[in-house]
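In what follows, a structure is listed as structure tokens, so that the remarks can point back to it.
Here you go:
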């Protein structure tokens, strides 16, 4: 498994790009007022960072077959992709932890951790397509477009003095956890992240096993 992990880490941290991204993120979050940070983190900074990480582990079918012949372990490849994405997100989490302590926004840490796990799991599922173009469409939809759409829906319901139902709240906490907790603090949601957390974790575990089983039973033989 270590061999597969090293394989997927290869080229994952291009130093010039990492420096530019981290400087950009830090600049935006330091100069912005506190009440705007969760918004730019939800809709721009986090999705952009996780998007680049997931793109790295999406491989076409012929390359996956070659990787199987090199690594020679069916289970190592999906597990190694998961571990590589966890490694990719770790520097970002550390950076954000420092910024949040500096800005006194530590309540965002748990939502950010949960959002990271959710996004990694979804990215792994989309990587099963073995088609970068199709995977990119799904990634852009679930990382960028759907969270923005949910935000518009929640805002529309608020203007009509209508409370968001449990399904909308759950989808928000799963796809845009940071915004969900912000809506709860603003009394737009009736339940907090902690109320939904057991269900979110169960769904993540289910999706992860679906990912593993689907990959192992894939048509690579």
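Residue numbers (the numbering used here): 16 to 236.
Ideal placement from N, C-alpha and C gives every residue a C-beta, glycine not left out.
Span of the alpha helix (DSSP H) holding residue 88? Looking at the DSSP string, residue 88 is not in any alpha helix (DSSP H), and its letter there is neither H nor E.
Contacts around residue 55, its chain only, beta-carbon distance under 7 angstroms, and the 5 residues preceding and following it disregarded: 43, 47
On the DSSP letters alone, give me the boundaries of the alpha helix (DSSP H) that residue 222 sits inside. 208 to 231
Does residue 133 pass the burial test, meaning 16 or more other C-beta atoms within 10 Å, or should it be called exposed? buried
The alpha helix (DSSP H) that contains residue 199, what's its start and end? 192 to 200
On the three-state DSSP scale, how would you describe residue 144? coil
Does the distance from the CB of residue 73 to the CB of residue 82 come in under 8 angstroms? no
Could I get the ranges of all uninterrupted alpha helix (DSSP H) runs contained in the stretch 23 to 74, with 4 residues as the minimum, in chain order? 30 to 46, 49 to 55, 61 to 72
State yes or no: is the C-beta of residue 147 within less than 8 angstroms of the C-beta of residue 62? no
How is the alpha helix (DSSP H) around residue 203 delimited, first residue to last? Per DSSP, residue 203 belongs to no alpha helix (DSSP H) and is neither H nor E.
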